[in-house]
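If you want our numbering, it's the 1-based position in the sequence shown plus 553. What follows is a short report on a single structure.
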Amino acid sequence: MKPEISLKVNDKFKANFVKGYPLITKESVENIESIRAEGAIVRLTDKQGRFIAKGYCGKQNKGYGWVLTRSEHDMIDQSFIQEKLAAAFVKRQSFFDNAATTAFRVFNGEGDGFGGLTIDYFAGYYLLSWYSEGVYTFKAEVVAALKNLVEFKGIYQKKRFDLKGQYIEEDDFVAGERGDFPLIVKENNVNYAVYLNDGAMTGIFLDQRDVRGKIKEKYAKGKTVLNTFSYTGAFSVAAAIGGAAKTTSVDLAKRSSSKTIEQFSVNGIDYESHDILVMDVFNYFNYAKRKELKFDLVILDPPSFARSKKYTFSTAKDYTNLMKEAIEITEDNGVIVASTNSASFGMKKFKGFIDKAFKELGKKYSIVEEFTLPSDFRVQKEFKEGDYLKVLFVRLQ
Ligand code: SAH
554 MKPEISLKVN
564 DKFKANFVKG
574 YPLITKESVE
584 NIESIRAEGA
594 IVRLTDKQGR
604 FIAKGYCGKQ
614 NKGYGWVLTR
624 SEHDMIDQSF
634 IQEKLAAAFV
644 KRQSFFDNAA
654 TTAFRVFNGE
664 GDGFGGLTID
674 YFAGYYLLSW
684 YSEGVYTFKA
694 EVVAALKNLV
704 EFKGIYQKKR
714 FDLKGQYIEE
724 DDFVAGERGD
734 FPLIVKENNV
744 NYAVYLNDGA
754 MTGIFLDQRD
764 VRGKIKEKYA
774 KGKTVLNTFS
784 YTGAFSVAAA
794 IGGAAKTTSV
804 DLAKRSSSKT
814 IEQFSVNGID
824 YESHDILVMD
834 VFNYFNYAKR
844 KELKFDLVIL
854 DPPSFARSKK
864 YTFSTAKDYT
874 NLMKEAIEIT
884 EDNGVIVAST
894 NSASFGMKKF
904 KGFIDKAFKE
914 LGKKYSIVEE
924 FTLPSDFRVQ
934 KEFKEGDYLK
944 VLFVRLQ
């Protein structure tokens with residue numbers, strides 16, 4: 554049995570929890586210091602001790618735990634978890650039925666009723682991502698539920714919390730048969746090489762599927778494309794398949810070069826007809842300006858925070874400047890794909906950063922496409938912060 558603790562909700566936050574707000578934050582409860590055991594079951598009550606909701610302790614960047622139910626008699630056991638998973642999988646039926654795309658999210662944390670856990674599907678394999686030590690204590694129940702619900706080749710996991718020396722004896726393999734990596738998945742009929750057993754990332758960010766699709770279908774043909782913060786070059790490959798005249802991928806990480814070559818190669822594209830550069834994006838902007846290079850399509854998808862030898866970048870502080878750099882090397886009538894996954898601000902503020910960049914350069918623009926998370930990354934309406942992705946296609950005038 555898991556330990557159970559009671560937390561008293563501050564009056565100001567009671568209405569939120571009653572309506573379905575899922576995140577247990579420090580400010581929202583009186584005796585947060587009672588949270589000691591990761592994975593403990595939490596009973597939220599009001600000051601008078603009346604039941605509000607039940608959840609679990611799991612400390613992650615966003616808070617101290619998640620609400621799971623507002624029914625007092627629900628037990629947080631395997632059948633509870635299995636019901637959540639089953640409901641989530643039904644909602645992804647159209648993805649399972651679509652042979653053109655074999656990688657997508659089947660369970661999206663609080664958006665599917667269990668914050669701290671996501672499950673992605675990759676061509677017959679399931680990848681569990683655990684975002685706190687607390688949620689990891691539910692592993693046996695989650696794996697058993699998954700085994701009851703679906704056929705699979707194998708199950709892998711990523712522990713995306715501070716391991717403090719624990720659990721590291723295990724590898725990422727959980728059940729079924731081991732994969733042969735890279736695994737080749739399809740997305741809108743483009744191939745991507747994916748690794749489920751190699752560190753925190755897989756090689757593709759599934760939340761950008763619709764953006765890659767749009768670039769391929771509508772914005773790439775005949776264009777010169779600059780992909781900054783390119784990682785494994787997923788946007789470059791989508792553009793190349795969409796008929797780009799040439800792509801240039803720029804990323805600081807040494808591994809990005811071989812990873813990008815691999816993504817081109819699994820699509821039968823000659824990577825030598827594309828530029829793949831390992832360098833600081835900010836140095837590249839200077840280089841491009843010096844050489845008077847301009848691109849038809851520029852993709853900007855920086856991490857929320859990054860530090861390189863010379864520069865520290867934080868999206869909330871520096872997006873306007875980044876955008877100005879991009880504008881200066883984009884052709885008139887060209888398009889900038891401005892993206893951020895920072896949860897610390899919303900779409901309105903993001904549009905403000907972009908507007909400011911154009912104003913400061915005395916240039917005009919129009920927003921021609923707007924994206925948030927795709928439909929498999931379900932968001933709970935009471936928790937809009939869960940929809941962290943913001944992507945704008947901005948056309949220079
Ligand atoms: N756009 C990518 C994901 C970007 S992940 C995609 O859709 O797949 C962020 C990447 O930014 C990482 O690969 C990291 O190496 C790179 N990066 C961080 N700071 C950088 C800098 N100053 N210059 C170039 N690349 C940088």
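Just so it is clear, CB atoms sit at the ideal spot from N, CA and C, and this is done for glycine as well.
As a quick exercise: from the options, pick the residue whose alpha carbon is nearest that of residue i.
i: glycine 752; options: Tyr772, Lys937, Asp725; result: Asp725
i: alanine 891; options: Ser587, Leu621, Phe924; result: Phe924
i: tyrosine 748; options: Ala676, Ile585, Phe566, Glu625; result: Ala676
i: arginine 596; options: Pro575, Asn569, Lys561, Tyr872; result: Lys561
i: arginine 843; options: Ser818, Lys870, Thr865, Ile882; result: Ile882
i: serine 867; options: Pro856, Lys877, Met876; result: Pro856
i: glutamate 913; options: Glu825, Ile880, Asn894, Phe566; result: Ile880
i: isoleucine 737; options: Lys901, Gln816, Lys612, Phe648; result: Gln816
i: serine 899; options: Asn874, Phe936, Glu878; result: Reading off the sequence shown, one finds glycine at residue 899, where the question assumed serine. When each option's Cα is compared against that of glycine 899, the closest is Phe936.
i: lysine 863; options: Lys706, Val695, Phe667, Val834; result: Val834
i: asparagine 886; options: Glu694, Pro927, Lys776, Ile907; result: Lys776
i: glutamate 583; options: Gly592, Lys565, Ala593, Phe714; result: Lys565
i: alanine 806; options: Ser581, Ala910, Ser861, Glu636; result: Ser861
i: lysine 767; options: Ser895, Val790, Lys901, Tyr784; result: Val790
Between which two residues does the beta strand (DSSP E) carrying residue i extend?
i: glutamate 557; result: 557-561
i: alanine 869; result: Here alanine 869 belongs to no beta strand (DSSP E); instead the alpha helix (DSSP H) covers 868-881.
i: asparagine 744; result: 743-747
i: isoleucine 757; result: Careful: isoleucine 757 lies outside any beta strand (DSSP E) and carries neither H nor E.
i: aspartate 849; result: 848-853
i: arginine 860; result: 858-860
i: valine 944; result: 943-949
Once the 5 residues before and after residue i are set aside, which same chain residues still bring their CB inside 6 Å of it?
i: isoleucine 794; result: Val743, Lys769
i: phenylalanine 930; result: Arg658, Asn661, Asp760
i: lysine 620; result: Sequence check: residue 620 is valine here, not lysine. Within the same chain, valine 620 has close Cβ partners Pro575, Ala606, Gly608.
i: alanine 590; result: Pro556
i: glutamine 710; result: Leu681, Asp725, Val727
Counting only the same chain and skipping the five closest in sequence on each side, list residues whose C-beta sits under 8 Å from that of residue i.
i: tyrosine 837; result: Thr781, Val803, Leu830
i: valine 888; result: Tyr772, Asp849, Leu850, Val851, Val921, Phe946, Val947, Arg948, Leu949
i: threonine 622; result: Ala606, Lys607, Gly608, Ile629, Phe633
i: methionine 696; result: First, the amino acid is wrong: residue 696 is valine here, not methionine. Leu681, Ile708, Val727, Ala728.
Is it right to say residue i is buried, meaning 16 or more other beta carbons lie within 10 angstroms of its own, or is it exposed?
i: methionine 832; result: exposed
i: threonine 671; result: buried
i: arginine 808; result: exposed
i: methionine 554; result: exposed
i: valine 688; result: buried
i: methionine 754; result: exposed
i: glycine 602; result: exposed
i: histidine 626; result: exposed
i: serine 581; result: buried
i: leucine 702; result: exposed
i: arginine 762; result: buried
i: lysine 600; result: exposed
List the endpoints of the continuous alpha helix (DSSP H) containing residue i.
i: glutamate 740; result: From DSSP, glutamate 740 is part of no alpha helix (DSSP H) but of the beta strand (DSSP E) over 736-740.
i: aspartate 564; result: 564-572
i: asparagine 836; result: 834-843
i: valine 764; result: 762-767
At 3 residues or longer, what runs of the beta strand (DSSP E) sit wholly inside the region 894-931?
The DSSP assignment places 918-924 as complete runs of the beta strand (DSSP E) inside the region 894-931, in order along the chain (cut-off: 3 residues).
What residue ranges within the region 656-714 form continuous beta strand (DSSP E) runs of no fewer than 3 residues, ordered along the chain?
Listed in chain order, the complete beta strand (DSSP E) runs (minimum 3 residues) inside the region 656-714 are 656-661, 670-675, 678-683, 707-712.
In chain order, each beta strand (DSSP E) run of at least 3 residues that lies wholly inside the region 774-827
When DSSP assignments are scanned along the region 774-827, the uninterrupted stretches of beta strand (DSSP E) that are 3 or more residues long and fall wholly within it turn out to be 777-781, 799-804.
Runs of beta strand (DSSP E) wholly within the region 591-666 (minimum 3 residues, chain order)
As far as the region 591-666 is concerned, its whole beta strand (DSSP E) runs of at least 3 residues are 594-598, 604-613, 616-622, 656-661.
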